[in-house]
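A quick write-up on the structure given underneath.
Residue numbers (the working numbering): 2 to 116.
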C-alpha cells in the first residue's frame, strides 16, 4: 500500500514558478511510473508529466518546455518544477503512482495562477 501526499501548491502571479512535491509513505522503487495530473473546474483530468522507473519522461503538450518532473527514489519523493506559469495552469494537481497491479492517487493540491 502506498499513500501519496502533495504539497507546494498555492497562489502565484503569471510568469512565476512553483515546485510541487509528492511524498510517498511507501517505497516508490517498485512503482512502474509516477505522474502529475491536473483537473480544472469543468474539465477532465489530464496528464501533466510522468516519469518511468527507468527515468523516461512524458509531458503534456501545454506544459512542454515549462515544467520538469523529477524523482528522488531514496526519499520516496517526486517533484514537479513549474516555470512560466499561466492562468490556464490553474487547477488541482494530483500525484499518481502506477504499480504492477494497483494505482494510487494523492488528494491533490491547488495551484492558482493570477493574471
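We treat Cβ as the ideally placed atom computed from N, Cα and C, and that holds for glycine.
Per-residue burial, residue i [other beta carbons within 10 Å of its own, 16 or more giving buried]
i: residue 103; result: exposed
i: residue 110; result: buried
i: residue 12; result: exposed
i: residue 28; result: exposed
i: residue 7; result: buried
i: residue 76; result: exposed
i: residue 118; result: Only positions 2 to 116 of the chain appear in this structure, which leaves residue 118 out of reach.
i: residue 30; result: exposed
Collapsed DSSP secondary structure at residue i in the structure displayed
i: residue 97; result: strand
i: residue 74; result: helix
Opposing strand residues paired with residue i [DSSP bridges]
i: residue 55; result: Its beta-bridge partners do not exist; DSSP assigns none.
i: residue 7; result: 23
i: residue 15; result: None, per the DSSP bridge assignment.
i: residue 82; result: 20 and 69
i: residue 48; result: 38
i: residue 104; result: 99
Residue range of the beta strand (DSSP E) that includes residue i
i: residue 35; result: 34-40
i: residue 112; result: 110-115
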